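Here's the structure, in structure tokens; my notes come after.
Residue numbers (the numbering used here): 35 to 486.
The following block contains the structure:
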């Protein structure tokens, strides 16, 4: 660092806020206990190595210590240098470059962001050709709108958090708008109906789902003007897409109402993102908690960047979002080597996977199969799985990472067979769209061709 920086009190406050003793914090930062003790007592200044460790595990704390702009630059540069095309840089290199040449660092960050955007556009073009049409259906357009927004809608999130903090209950807040809540015990009734003054909810639903439906109606009513303004500004094809976006925004705000940003983020970090414990703390479902974790991208107080998706029995991705470098296939199913497929078949058991994508980035993810009962014998239950994962660099903050040996070889997964460049894969369903194949009748392989 240009100037010697002592941050003992900030480090001590950070450790105490995380509920850790010096040994636990030292282990997480890769330091000795005695060295951490010297840092906390201001006997030693922060070094490049310590700054790199703080940037990796506690970027928000580093922003407080160093100042917002330098910490943001370091976090973004560390992410950029993790790209395989820039292999050879480590965390200490990132710290030195950010301090000595901030202009060069900013340019590298911009170039890596442009590279990633170009790769996303290429993947979209290839998948559109595979699908046979460049036109998006309304639900696809809305899904892409949320993806491009980073799945975080700041004005709605903040408004919902403010309302949640002052409301004594969701039902009472709804009654303040002249709306009463009723229960329908007809098994064939829809999940909910709203006639302008009465919200009628299907009584067969779980308490968590009923609560979410009340939150959805409250959000749609209390934030109607805000939602209307967001929809009006969105570049969407047709009225159906705009109506779907309005529903999606109300759902987003409902999640923010039952899981207010600051409280939920703090509790998630304290519990190392243990989903079962979060569901009990906030009276939400497993899926609701996973989805909310993927939206914690408020500037300056971001959560751990997660990817989240929901996959049905046929392998269709019915919900998806990624705040990581991993991107989901827009058409077709997911990689067959992904543990989500096993999770669908074995409900109510959490599976954990350590995986690596073709770009060399490693991830830790957990998947759980869920069953939503239909409430009757002659109607099939809904079966699907949800997946939540993060890059392996965040494993210390993800309790499920404790279940895998990250020193062993990770499972080599791809985005989808049509986009995956891995040539030697026994699970391949289709050849990659950008590579030629050779068919050799005299040679028998698992697939009837060889990728060139």
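In this text, a Cβ means the ideal position worked out from N, Cα and C, and glycines have one as well. In this text, all values refer to a predicted model and were calculated from it rather than measured experimentally.
Exposed or buried, residue 74, counting other C-beta atoms within 10 Å across all chains shown (16 or more means buried)? Here residue 74 corresponds to residue number 40 of the chain shown, with the count starting at 1. That one is buried.
Residue 232, enclosing beta strand (DSSP E) - first and last residue: Position 198 of the chain shown, counted from the first residue, corresponds to residue 232. It spans 232-236 - the beta strand (DSSP E) in which residue 232 sits, taken as one unbroken run.
With DSSP collapsed to three states, give me the class of residue 273. As a first step, residue 273 must be located in the chain shown, where it is residue number 239. Residue state, collapsed to three classes: helix.
Where do the ends of the alpha helix (DSSP H) carrying residue 400 lie? On the chain shown, position 366 is the one that residue 400 refers to. Where residue 400 is concerned, there is no enclosing alpha helix (DSSP H), although the beta strand (DSSP E) it sits in stretches over 396-406.
Is residue 391 helix, strand or coil by DSSP? Counting from one through the chain shown, the residue named residue 391 turns up at place 357. In this structure, residue 391 counts as coil in the three-state DSSP scheme.
If you draw a straight line from the alpha carbon of residue 432 to that of residue 388, how long is it in whole angstroms? Here residue 432 refers to the residue found at position 398 of the chain shown. Here residue 388 refers to the residue found at position 354 of the chain shown. In this structure, the straight-line span from the alpha carbon of residue 432 to that of residue 388 is close to 12 angstroms.
So what does DSSP say about residue 314, is it helix, strand or coil? Taking the chain shown and counting its residues from 1, the one referred to as residue 314 is at position 280. Of the three classes helix, strand and coil, the one that applies to residue 314 here is helix, per DSSP.
Please work out which residues of its chain come closer than 7 angstroms, Cβ to Cβ, to residue 305, disregarding the five sequence neighbours upstream and downstream, and give them in chain order. In the chain shown, counting from the first residue as 1, residue 305 sits at position 271. Excluding sequence neighbours, residue 305 sits near 311, 312.
Contained beta strand (DSSP E) runs [length at least 3] in the stretch 422-446, N- to C-terminal order: none
Classify residue 270 as buried or exposed, calling it buried when 16 or more other Cβ atoms lie within 10 Å of its own Cβ. Residue 270 sits at position 236 when you count from the first residue of the chain shown. Looking at its Cβ environment, which holds 16 or more other Cβ atoms inside 10 Å, residue 270 is buried.
Please confirm whether residue 369 and residue 447 have their CB atoms less than 7 angstroms apart. As a first step, residue 369 must be located in the chain shown, where it is residue number 335. As a first step, residue 447 must be located in the chain shown, where it is residue number 413. A contact, by the Cβ cut-off of 7 angstroms.
Whether residue 336 touches residue 315 by CB criterion (7 angstroms): The residue labelled residue 336 in the question sits at position 302 within the chain shown. The residue labelled residue 315 in the question sits at position 281 within the chain shown. No, Cβ-Cβ distance for residue 336 and residue 315 is not below 7 angstroms.
Simplified DSSP assignment, three categories, for residue 385: Translated into the one-based positions of the chain shown, residue 385 becomes position 351. The answer is strand: DSSP assigns residue 385 an E or B state.
Can you round the beta-carbon distance between residue 462 and residue 481 to whole angstroms, since I take them to be within the 8 angstroms contact cut? As a position in the chain shown, residue 462 is number 428, starting the count at 1. As a position in the chain shown, residue 481 is number 447, starting the count at 1. At roughly 6 angstroms, the Cβ-Cβ gap stays under 8 angstroms, so residue 462 and residue 481 are in contact.
Does residue 243 come out as helix, strand or coil in the three-state DSSP assignment? Along the chain shown, read from residue 1 onward, the residue named residue 243 stands at position 209. Correct three-state label for residue 243: helix.
For residue 71, the three-state DSSP class (helix, strand or coil): Walking along the chain shown from the start, residue 71 turns up at place 37. Helix.
Three-state secondary structure (DSSP) of residue 257: Position 223 of the chain shown holds residue 257. The answer is coil: DSSP assigns residue 257 none of H, G, I, E or B.
For residue 459, write down the residues that DSSP places opposite it in a beta bridge. Working through the chain shown from its first residue, we reach residue 459 at position 425. Looking at the DSSP assignment, residue 459 forms no beta bridge with any residue, so it has no partner.
So what's residue 297 in DSSP terms, helix, strand or just coil? Translated into the one-based positions of the chain shown, residue 297 becomes position 263. Residue 297: helix per DSSP, three-state reduction.
Among the residues of its own chain, which have a CB less than 8 angstroms from the CB of residue 331, if the five just before and after it don't count? On the chain shown, position 297 is the one that residue 331 refers to. Closer than 8 angstroms at Cβ, skipping near neighbours: 184, 185, 186, 337, 339, 357.
Cutoff 7 angstroms: residue 189 Cβ touching any chain B Cβ: Structure shown: chain B not included; a single protein chain is present.
C-alpha distance - residue 278 paired with residue 235, whole-angstrom precision: On the chain shown, position 244 is the one that residue 278 refers to. On the chain shown, position 201 is the one that residue 235 refers to. About 21 angstroms.
Take residue 390 and list the residues in its own chain whose beta-carbon comes closer than 8 angstroms to its own, dropping the five residues that flank it on each side. The count along the chain shown starts at 1 and reaches residue 390 at position 356. Only 396, 397, 444, 445, 446, 447 meet the Cβ criterion.
From the DSSP output, in three-state form, read off residue 324 for me. Against the chain shown, residue 324 aligns to sequence position 290. If DSSP states are grouped into helix, strand and coil, residue 324 belongs with the helices.
My assumption, with CB atoms under 8 angstroms, is that residue 63 sits in contact with residue 194. Please give the rounded CB distance. Counted from its first residue, the chain shown places residue 63 at position 29. Counted from its first residue, the chain shown places residue 194 at position 160. Not really, about 35 angstroms apart at Cβ, beyond 8 angstroms.
Residue 226 lies in the beta strand (DSSP E); which residues open and close that run? By 1-based counting over the chain shown, the position of residue 226 is 192. Per DSSP, residue 226 belongs to the beta strand (DSSP E) from 226-228.
Since residue 379 and residue 401 are thought to touch, with beta carbons under 8 angstroms apart, how far apart are those beta carbons, to the nearest angstrom? Here the question's residue 379 lines up with position 345 in the chain shown. Here the question's residue 401 lines up with position 367 in the chain shown. 11 angstroms between Cβ atoms; not a contact.
If I follow the unbroken alpha helix (DSSP H) through residue 344, where does it start and stop? Your numbering for residue 344 matches position 310 in the chain shown. It is not in any alpha helix (DSSP H) - residue 344 instead sits in the beta strand (DSSP E) that spans 340-346.
Three-state secondary structure (DSSP) at residue 292? The sequence position of residue 292 within the chain shown is 258, counting from 1. Residue 292: helix per DSSP, three-state reduction.
Cβ distance (whole Å) where residue 233 is taken to contact residue 213 below 8 angstroms: By 1-based counting over the chain shown, the position of residue 233 is 199. By 1-based counting over the chain shown, the position of residue 213 is 179. With a Cβ gap of about 6 angstroms, residue 233 and residue 213 count as contacting.
Looking only at its chain, what residues have a beta carbon closer than 6 angstroms to the beta carbon of residue 434, apart from the 5 residues adjacent to it on each side? Indexing the chain shown from 1 puts residue 434 at position 400. Answer for residue 434: 386, 400, listed in chain order.
By the three-class DSSP mapping on this structure, what secondary structure does residue 485 have? As a working note, residue 485 is residue 451 in the chain shown. Correct three-state label for residue 485: strand.
Neighbourhood of residue 51 by C-beta, 6 angstroms cutoff - its chain only, sequence neighbours within 5 removed: Within the chain shown, residue 51 is the residue found at index 17, counting from 1. Taken in chain order, the list of residues that qualify is empty.
Considering only DSSP beta bridges, list what residue 218 is partnered with. Against the chain shown, residue 218 aligns to sequence position 184. Secondary-structure assignment with DSSP links residue 218 through a beta bridge to 236.
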